[in-house]
Amino acid sequence: MIGTIAHVCNRGIKKHNIFVDDKDRLRFVLNLYRLNNRSGSLRITNNKHPFESLPKQDKLVEILKWSLMPNHYHLLLYEKVEGGIVEFTKRLGNAYTKYCNIKYSSSGYIFQNSAKIIPIEKDRHYLYIPFYIDLNAVSLVQNWKSADVKAKIIFDFLKKYRWSSFRDYLEEKSIFYPIISRELFYELFDTNSIEYTKEISGLLEKDAFLELSKSVDLAG
1 MIGTIAHVCN
11 RGIKKHNIFV
21 DDKDRLRFVL
31 NLYRLNNRSG
41 SLRITNNKHP
51 FESLPKQDKL
61 VEILKWSLMP
71 NHYHLLLYEK
81 VEGGIVEFTK
91 RLGNAYTKYC
101 NIKYSSSGYI
111 FQNSAKIIPI
121 EKDRHYLYIP
131 FYIDLNAVSL
141 VQNWKSADVK
151 AKIIFDFLKK
161 YRWSSFRDYL
171 EEKSIFYPII
181 SRELFYELFD
191 TNSIEYTKEI
201 SGLLEKDAFL
211 ELSKSVDLAG
């Protein structure tokens, strides 16, 4: 349904890594842009610097959040056309599977199942899911659950982590900024850059992300 917000996630078969190197991650991130087009995949002509000259989209969905982990990914999507979330998610899975099978001379599935598409209602899930996606990379920080790992260390890691939309919600934008719809996110979740950054920092300072990880399986 148009206007639906959904949390989309999928992981590798038997929790195997689906992203082996940065080329894999870049391919998936580029697909987030070029496959988000009603009439089919967009052609990217600048292969060396693909994000410097992107063609215009006729979007299936608005991408509010995304995060890549070694063996899984998370997206927060807003449906623009009827069936857009399902179509976009299917394209992502098929395109990335084909890419991996060619690159690694393999065949068959790389994801354990079809992607989970979880519609977000205005309840607790609605409120915590953006934080959950942004904080997913916390589990990559060594000994992240230890009391010795300070909130500032984790926040600095998140600011530098390339494979997430989190940086694009701070003042500085990454080259991947065109993928997301930041202003729509702020409108839907009634927040702004300053307030959202404060909320993330507050969760880290209070160790609230530990409770979040227990309830939602942060480590994936």
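Just so we're aligned, residue 1 is where the sequence shown starts under UniProt numbering, counting upward by one.
Where a beta carbon is used, it is the ideal one built from N, C-alpha and C, also for glycine.
For Arg11, the enclosing beta strand (DSSP E) starts and ends at 5 to 11. Listed in chain order, the non-local C-beta contacts of Tyr126 below 7 angstroms within the same chain comprise Ile120, local neighbours out to five positions each way being set aside.
Straight-line measurement puts the Cα of Phe88 at about 9 angstroms from the Cα of Arg38.
Between the region 72 to 83 and the region 189 to 200, the count of C-beta pairs closer than 8 angstroms stays below three; the two stretches do not touch. Secondary structure note for Glu82: it is in no beta strand (DSSP E), with a DSSP letter that is neither H nor E.
If you check the CB distance, Asn17 and Ala115 do not come in under 8 angstroms. For the 8 angstroms CB-CB criterion, Leu26 and Arg34 do not form a contact.
By a beta-carbon distance limit of 8 angstroms, Ile200 contacts Phe131. Their separation comes to about 7 angstroms. Ile118 and Ile63 have their C-alpha atoms some 15 angstroms from each other. Per DSSP, reduced to three states, the secondary structure at Ser181 is coil, with no helix or strand assignment.
If one requires a minimum length of 4 residues, the alpha helix (DSSP H) runs lying completely within the UniProt domain "Transposase IS200-like" (1 to 136) are 22 to 34, 84 to 103, 124 to 135, in chain order.
Around the beta carbon of Tyr104, a 10 Å sphere encloses fewer than 16 other beta carbons of the protein chains shown; the residue is thus reported as exposed.
Between Trp144 and Ile154, the CB-CB gap stays under 8 angstroms.
Annotation for Asp156: the continuous alpha helix (DSSP H) segment containing it runs 151 to 160. Remark: C-beta atoms of Thr97 and Ile85 do not approach each other more closely than 8 angstroms. Residue state for Ser164 is assigned as strand, using DSSP reduced to three classes.
Residue environment for Ser181: buried (at least 16 other C-beta atoms within 10 angstroms of its C-beta).
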